[in-house]
Amino acid sequence: MIVVIGRYFFGIGRVDIQELALYVHALIFLGCAGWAYSADEHVRVDIFYRNASSEYKKAVNTFGIIFFLLPMIGVLGYYATDFVSASWSVQEISTEPGGLKIVYIQKSFIFLFPLVLGLAGIRELYRLWK
Numbered sequence: 119m120i121v122v123i124g125r126y127f128f129g130i131g132r133v134d135i136q137e138l139a140l141y142v143h144a145l146i147f148l149g150c151a152g153w154a155y156s157a158d159e160h161v162r163v164d165i166f167y168r169n170a171s172s173e174y175k176k177a178v179n180t181f182g183i184i185f186f187l188l189p190m191i192g193v194l195g196y197y198a199t200d201f202v203s204a205s206w207s208v209q210e211i212s213t214e215p216g217g218l219k220i221v222y223i224q225k226s227f228i229f230l231f232p233l234v235l236g237l238a239g240i241r242e243l244y245r246l247w248k
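Position in the sequence shown (first residue = 1) + 118 = our numbering.
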């Protein structure tokens, strides 16, 4: 809101605040993925799943977590390591004039996604089989 008011009402542009808004959005979306999964608020195509028995749902969820979710998290974590470490090694900064000098910290948020989603998946497996 500050960026829009400053730009359109006062003719003042602040690249650093715009980038900060992007960083906060990244933090929210990457950090809340695990919550969305745990609260069953994620996207699910449930044509057959909705009316299925609880045993079928348990089997489908277990299969999905073990063969889809956990491998995807492993791949994301593996490829994010090089991406983030390269950014940290050069202390990457914004390419925009007046931008923030902490792009490498924003890129570190990528690790948050597989971490929270992996914990949510493990929690769901535990909940299914306890």
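Using N, Cα and C, we set each Cβ at its ideal position, and we do this for glycine too.
If you draw a straight line from the Cα of N179 to the Cα of L194, it is about 21 Å long. The beta carbon of L235 sits closer than 8 Å to those of A151, G152, Y155, L187 and I191, all from its chain and outside the five residues before and after it, given in chain order.
For H160, there is no enclosing alpha helix (DSSP H), as DSSP marks it with neither H nor E. In this structure, the alpha-carbon of E137 lies about 23 Å from that of D200. Judged by their CB atoms, S171 and V202 are not nearer to each other than the 9 Å cut-off.
Comparing alpha-carbon positions, the option among T213, V142 and A238 lying closest to E159 turns out to be A238.
Under the three-state reduction of DSSP output, L218 falls in the coil class, being neither helix nor strand. Each of V122, F147 and I183 was checked against the Cα of R241, and the nearest Cα belongs to I183.
A Cβ-Cβ distance of about 11 Å is found for the pair L145 and I228, leaving them out of contact under the 8 Å criterion.
Per the C-alpha coordinates, the member of A157, K248 and E214 positioned closest to D134 is E214.
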